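J.: Taking the UniProt record's numbering as reference, the numbering of the sequence shown is continuous, increasing by one, and the terminal residue is 451. For reference, the structure I am asking about is given below.
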Amino acid sequence: MSEEASAEAAVPAALEAADGSLPSGSAGEVPPAGGSVEASPPPDGGRGLGGRPWQRDGEGSYSFPNGMDGDHLRGRWEQSCDPQRIGRPDHFAYGRSLPVLQGGFDYRFCFQQSANERLRSAEALSWSWRPDGCRLEPVRGFSEWLGERTLLFVGDSLTAQHFYSLVWLLGGDAGTEELLDLESLLRVEQGARVDRCTTSMNSEGGGASRVSRVRLRHGGVVYKVMRHGELEDELRNLNRVSWLQLVRSVDILLLNVGHWHHRRDPGFARYEEDAEAVTRQLELQLKPSAHVVYRTTNVGHPGCESAARPLRSRLEAWSALAPEGGDADLFTWNSTAQLARQTKSLKDSLFRDPHSWRGPPLFEAAWAASAARRRPDFARRFWLLNVSFVDQRADGHVAGAMRAGVLGSRQRFPLDCLHYCFPGPADYWALALVNLLRRQVPAARQRGAAA
C-alpha cells in the first residue's frame with residue numbers, strides 16, 4: 001500500500017470519520033503532529049455579543065444569550081495528522097475528486113492552483129476541532145435524516161461556501177448540482193418537466209434569477225439562492241422577491257446576511273430593526289412546519305497569507321481587528337453619530353478592520369431576540385447556529401490563491417482573507433449545521449412508518 005493510500009486509510013474522509021470531527025487546518029510552519037491550540041474563555045471577558053452578558057453553565061462551558069449556546073464552542077484545534085501524508089486534499093476531506101473548474105470562482109479550489117497551494121491546503125487540513133464536552137457527529141446519514149424534505153440556503157458567497165461544503169461532504173448521497181432559472185423552477189413546482197439544466201459550479205450560482213439545486217439519495221433536495229448587498233432589502237419585502245414560492249415551500253431555511261449591512265448602516269444602528277422586520281416576514285411567508293437556522297458570520301483575518309496555524313484563541317483573532325487602544329474596545333461599536341464627529345486621523349487609526357468584519361457578530365444576537373418575540377410556534381422552530389469557534393482559523397483562507405491561477409488578470413486581485421479554501425475550515429459550518437439539525441429537528445418519517 002502506498003504512503004498516500006495508507007495515510008488516507010488511517011484518517012478517512014470527514015463524512016466517515018470515526019470520531020465525528022472534520023480534518024481541517026493550517027498553512028506554513030506547523031507544530032509536530034498531535035499538537036493542539038486550546039480554546040479560551042469568552043474573548044470579551046464575559047460581556048457577550050453586543051454587550052449582553054454571557055452565561056456559564058454547570059460544566060464550565062460558556063453560553064451565548066438568546067439561544068446561541070452550544071457546548072461545541074468549548075474545545076481546541078488539534079493537529080490530528082501529518083500534512084505531508086495528505087496526498088489529495090479533496091480525497092482526504094470529501095472522499096472524492098472535485099472537478100477542475102474554469103470559471104470565476106475556481107480559485108477557491110486552492111489546491112488545484114499550484115504545488116504550493118496544494119501543500120498549503122494539506123497543512124490546513126491537518127487540524128481538527130475537538131469539543132471538550134460533546135462529539136460532533138459526521139455527516140453520514142444526513143440524506144436519510146432529511147428524507148424527502150427540502151433545505152434552502154439563502155445568503156451571499158459565504159453561504160454559498162456553506163452550501164457547497166455540505167454537498168461535497170455528502171459524497172455519493174448528493175447528486176450533480178443543477179442551475180435553474182426561476183421560471184423553470186416554478187414550472188417544476190407545478191409538475192412540469194424541465195428539459196435542460198445547467199451547472200453553476202464555476203459561478204456559485206450568481207444572478208437574481210438563478211437557483212442551485214442538488215437532489216439527495218433519499219429524495220430530499222438542497223437549494224441555494226445567492227444574493228449580496230440587496231439581500232436585506234429583499235428579506236424585508238419577501239412578498240415581492242422572485243424566489244418567494246421557493247421560500248414558501250421549503251422545510252428548512254438556512255439564512256445569513258453576511259458582511260453587507262455596514263454599507264447601508266455603518267454604525268449598525270438599524271441592525272435590530274432589520275432583524276425584527278425579517279423575522280416578521282419569515283413568520284408570515286414560511287409554512288407553519290418550517291424551521292429556520294441563522295448562521296453566525298465569520299470574521300476575516302488580516303495577514304492571512306502568513307498564517308501558519310490556528311490562532312490561540314478568538315481573542316487573538318478579534319484583537320487583530322480591534323480599535324487602537326486595547327481590548328476594552330473589542331466588543332463595542334461606534335454609532336454613526338460618533339463616527340461623524342471623529343477626525344479623519346482618528347478614524348484612520350481607530351479601525352484595523354476596514355471591512356467592518358467585527359460588526360455582524362457583535363449584533364447577531366438580535367436574530368434570536370427578534371424570533372423570540374414572534375408567535376411561540378415560530379420561536380420554537382428558529383435556531384441560531386454559532387460557528388464562532390472557526391474565528392481562530394486565520395489559516396486556510398483563499399489568500400493569494402487567486403493570483404496563482406492561469407489567468408494573467410488575476411494578478412490585480414487583492415488577497416482574500418475572508419473566504420476559505422475548499423476543502424478547509426468552512427467545512428465545519430456544514431458539520432455544525434448537520435449536528436444542530438439532527439439534534440433539534442425530528443428525522444423525516446420513513447414511508448410506510450406507523451403514524
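Virtual Cβ for every residue (Gly too), placed ideally from N, Cα, C. A quick note: this is a predicted structure, and the numbers were derived from the prediction, not measured.
On a CA-only basis, which of 392, 429, 303 is nearest residue 77? Give me that one, please.
T.: Considering only alpha carbons, the answer is 392.
J.: What residue range does the beta strand (DSSP E) around residue 178 cover?
T.: Counting along the chain, the beta strand (DSSP E) containing residue 178 begins and ends at 178 to 181.
J.: What residues in its chain sit with their C-beta under 8 Å from that of residue 430, if we drop five residues either side in the sequence?
T.: Around residue 430: 139, 162, 165, 166, 169.
J.: Quick check: what's the CA-CA separation for residue 384 versus residue 400?
T.: Rounded to the nearest angstrom, the two C-alpha atoms are 32 Å apart.
J.: Could you tell me the alpha carbon to alpha carbon distance between residue 398 and residue 310, rounded to whole angstroms?
T.: So the two alpha carbons sit approximately 15 Å from each other.
J.: Let's test the definition: count the other Cβ atoms within 10 Å of the Cβ of residue 224 and tell me whether it reaches 16, buried, or not, exposed.
T.: Buried: at least 16 other Cβ atoms inside 10 Å.
J.: Please report the distance separating the alpha-carbon of residue 262 from that of residue 425.
T.: Between residue 262 and residue 425, the C-alpha separation is close to 25 Å.
J.: Just to confirm, are residue 421 and residue 121 a CB contact at a threshold of 8 Å?
T.: In this structure, residue 121 lies closer than 8 Å to residue 421 by Cβ.
J.: Assuming residue 374 and residue 230 are in contact, meaning their beta carbons sit under 8 Å apart, how far apart are those beta carbons, in whole angstroms?
T.: About 24 Å separates the two Cβ atoms, so there is no contact after all.
J.: Could you give the distance in angstroms between the alpha-carbon of residue 227 and the alpha-carbon of residue 277?
T.: The straight-line gap from Cα to Cα measures roughly 18 Å.
J.: Would you say residue 131 and residue 218 are within 8 Å of each other, going by their C-beta atoms?
T.: In this structure, residue 218 does not lie closer than 8 Å to residue 131 by Cβ.
J.: Can you check DSSP and say which residues form a bridge with residue 154?
T.: Partner(s): 225, 255.
J.: On the three-state DSSP scale, how would you describe residue 429?
T.: Of the three classes helix, strand and coil, the one that applies to residue 429 here is helix, per DSSP.
J.: Please classify residue 212 as buried or exposed, where buried requires at least 16 neighbouring CB atoms within 10 angstroms.
T.: Counting Cβ neighbours within 10 Å, residue 212 comes out buried, since at least 16 surround it.
J.: What residue ranges within the region 365 to 396 form continuous alpha helix (DSSP H) runs of no fewer than 4 residues, ordered along the chain?
T.: Within the region 365 to 396, the complete alpha helix (DSSP H) runs of at least 4 residues are 365 to 372, 376 to 379.
J.: Tell me the rounded alpha-carbon separation between residue 75 and residue 137.
T.: Rounded to the nearest angstrom, the two C-alpha atoms are 15 Å apart.
J.: Let me check one thing: in DSSP terms, what residues is residue 131 bridge-paired to?
T.: DSSP, once it has assigned bridges, lists 75 as partnering residue 131.
J.: Assuming residue 360 contacts residue 259 under a Cβ cut-off of 8 Å, what Cβ separation, rounded to an integer in Å, is found between them?
T.: Between residue 259 and residue 360 the Cβ distance is about 6 Å, and since that is below 8 Å, they are a contact.
J.: Looking at the structure shown, is residue 286 part of a helix, part of a strand, or coil, going by DSSP?
T.: Residue 286: coil per DSSP, three-state reduction.
J.: If you drop the 5 nearest sequence neighbours on each side, which residues of the same chain put their C-beta closer than 7 Å to that of residue 134?
T.: The answer, listed in chain order, is 71, 72.
J.: On the criterion of 16 or more Cβ atoms from any shown chain inside 10 Å, does residue 143 qualify as buried, or is it exposed?
T.: Residue 143 should be labelled buried.
J.: Out of 441, 125, 216, 82, which one is the CA nearest neighbour of residue 148?
T.: Comparing Cα positions, the closest option is 216.
J.: Quick check on this structure: which residue in 298, 313, 179, 441 has the alpha carbon closest to the alpha carbon of residue 381?
T.: That would be 441, whose Cα lies nearest to the Cα of residue 381.
J.: Distance check for residue 418 and residue 318, CA to CA, integer angstroms please.
T.: If you take the alpha carbons of residue 318 and residue 418, they lie about 14 Å apart.
J.: In angstroms with no decimal places, state the Cα-to-Cα distance between residue 88 and residue 114.
T.: Each residue's Cα considered, the two are about 13 Å apart.
J.: Whole angstroms is fine: what's the gap from residue 349's alpha carbon to residue 322's?
T.: With a pLDDT of only 40 at residue 349, under 50, the local geometry of the prediction cannot be trusted, and no value is derived from it.
J.: Which residue's Cα is closest to the Cα of residue 353: 245, 300, 294, 123?
T.: Cα-wise, what sits closest to residue 353 is 300.
J.: Where do the ends of the beta strand (DSSP E) carrying residue 418 lie?
T.: Residue 418 -> beta strand (DSSP E) spans 416 to 420.
J.: Within a Cβ cutoff of 6 Å, which residues of the same chain sit near residue 239, ignoring the five residues on either side of it in sequence?
T.: Counting only Cβ-Cβ distances below 6 Å, and skipping sequence neighbours, we find nothing.
J.: Residue 365 and residue 372 look like a contact to me (Cβ under 8 Å); what is the Cβ gap, rounded to whole Å?
T.: Their Cβ separation, rounded to whole angstroms, is 11 Å, which puts residue 365 and residue 372 out of contact at 8 Å.
J.: Could you tell me whether the Cβ atoms of residue 151 and residue 247 are closer together than 8 Å?
T.: Contact flag unset, no.
J.: Can you name the start and end residues of the beta strand (DSSP E) that residue 295 belongs to?
T.: Where residue 295 is concerned, the enclosing beta strand (DSSP E) stretches over 291 to 295.
J.: Skipping 5 residues on each side, what residues in its chain have a beta carbon closer than 6 Å to that of residue 274?
T.: If we look at residue 274 and ignore the five residues flanking it on each side, its Cβ neighbours are 232.
J.: Return helix, strand or coil for residue 445, following the three-state DSSP convention.
T.: The answer is coil: DSSP assigns residue 445 none of H, G, I, E or B.
J.: Identify, in the order they occur along the chain, each residue of the same chain with its Cβ nearer than 7 Å to the Cβ of residue 117, setting aside the five sequence neighbours on each side.
T.: If we look at residue 117 and ignore the five residues flanking it on each side, its Cβ neighbours are 110, 111, 401, 404.
J.: With H, G and I counted as helix, E and B as strand and the rest as coil, what does DSSP make of residue 434?
T.: Three-state result, residue 434: helix.
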